[in-house]
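Taking the working numbering, the leading residue of the sequence shown gets 73, the next gets one more, and so forth. A short worksheet on the structure shown next.
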Amino acid sequence: MTDVDRGSTSSGSSRALTFLPALAMVVTVFGILVGNGVILESGGVGDGDSIADTATFIAPAGPAFSIWSLIYAFLVAYVVWQALPAGAGSARARGILWPAVASLVLNAAWILVVEQLESAWGSVVVMLLLLGSLIAVHRVLKATPPESTVERWVVDIGFGLYLGWVNVATAANITFALVLAGVDPPRDVAVPIAVVVVLLLVGVAALKLPRVSEPLAVGAAMSWGLAWICVGRLSTAPESVVVAVAAAVAALLTVGLALRTAARAPSMAR
Numbered sequence: 073m074t075d076v077d078r079g080s081t082s083s084g085s086s087r088a089l090t091f092l093p094a095l096a097m098v099v100t101v102f103g104i105l106v107g108n109g110v111i112l113e114s115g116g117v118g119d120g121d122s123i124a125d126t127a128t129f130i131a132p133a134g135p136a137f138s139i140w141s142l143i144y145a146f147l148v149a150y151v152v153w154q155a156l157p158a159g160a161g162s163a164r165a166r167g168i169l170w171p172a173v174a175s176l177v178l179n180a181a182w183i184l185v186v187e188q189l190e191s192a193w194g195s196v197v198v199m200l201l202l203l204g205s206l207i208a209v210h211r212v213l214k215a216t217p218p219e220s221t222v223e224r225w226v227v228d229i230g231f232g233l234y235l236g237w238v239n240v241a242t243a244a245n246i247t248f249a250l251v252l253a254g255v256d257p258p259r260d261v262a263v264p265i266a267v268v269v270v271l272l273l274v275g276v277a278a279l280k281l282p283r284v285s286e287p288l289a290v291g292a293a294m295s296w297g298l299a300w301i302c303v304g305r306l307s308t309a310p311e312s313v314v315v316a317v318a319a320a321v322a323a324l325l326t327v328g329l330a331l332r333t334a335a336r337a338p339s340m341a342r
C-alpha cells in the first residue's frame, strides 16, 4: 500500500467516525425521552426527590435546569458541524471525538440510572465519569485555538457551558446521594456544610477556568447554577438566608474569576 493509499484510508476512517457523535446524540435523545416519561415509566431515585429543587440546601431552584435546553442546542450544533467538511477536517474535532461521544452517552446513562435503576450512588458514578469526559474534551481544546468563529461557538463555548453546569450538578448530585443514604445532619450542621460546598465551587472555578479555552462560558454556567441555589434557598424549602447569601457571593466571585481569566488569556479565535 502506498503512502497516498494509507492517507486516503486514514482520511476515510476519520470521516466515518464523524457519525459517532450523531449516534451518541440519538442515545442522548432517548435518555431525555425516558427522563420526561415519553418512553418507559419513570420511577426516579427516591420517587424523584433526589432531583427536586427542595432536596438539599444546595439544590438549585427548578428554573436552573432550563440551561439544559441551551446545552443540548449547542451539542446538536457540534454534531452537525463535525460532520461537515470543516469539522471533519479539524484536528481538534478528531482530538475530542471520543470524550465528546462519551459525554453524550453518559448524559443519557445518568438519566437512565436515575429514572430506571433508581440508584443514587450509581448516578454519582456516572456523573463523575461525565465530568471526567468533559475535562478530557477541554484539555484538547485548550491546547490549540479554534480555526474559525463557528468552531469556537459550537465547540469551545458549547462544551464550556456543559462543563460549567456539570461542575455544579456534580456537587448537587453527591449531596442528594448522601441525603438519600441517610446522612441527614441537623440544620445547624447542614447549613455550614452547604456554605462550605458552595464556596468550594468557587475554588473549583479558580482551578479550572485557566485550564479551559472559554472561561467565560464555564464561569457563566457555574454562576447560573450558584445563582439558582441562592433563589432556591430564599423561595423553597429548605430555606436558608445564610446559604442563599453564600451562593450569591459564590456566583459573583465566579463571574469575577471568569472575567479576569478571560482578560488575561490571548484571543483563541483565528
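A virtual CB, placed ideally from N, CA and C, is assigned to each residue, including glycine. Keep in mind it's a predicted model, so treat the numbers as computed, not measured.
- If you ignore the 5 residues before and after T100, its C-beta comes within less than 6 Å of the C-beta of L176, N179 and A180, all in its own chain and listed in chain order.
- L325 and A292 have their C-alpha atoms roughly 11 Å apart.
- In this structure V267 is not in contact with T247, their Cβ atoms being roughly 13 Å apart against a cut-off of 8 Å.
- Segment contact: the segment 197 to 209 against the segment 271 to 279, fewer than three CB-CB distances shorter than 8 Å; contact not assigned.
- CA-to-CA, the gap between G161 and A172 works out to about 17 Å.
- Taken atom to atom, the span from the alpha-carbon of A149 to that of A155 is near 10 Å.
- Of all alpha-carbon atoms in P282, E286, F102 and L329, the one lying nearest the alpha-carbon of V226 is that of E286.
- S312 carries a coil assignment under DSSP once its states are collapsed to helix, strand and coil.
- In the structure shown, F129 adopts coil according to DSSP, grouped into three states.
- The Cβ neighbour count for N245, taken over all protein chains shown within 10 Å, is at least 16; the residue is labelled buried.
- At a Cβ-Cβ threshold of 9 Å, F129 and P310 count as neighbours.
- The segment 228 to 236 makes contact with the segment 204 to 215; the number of CB pairs closer than 8 Å reaches 3 or more.
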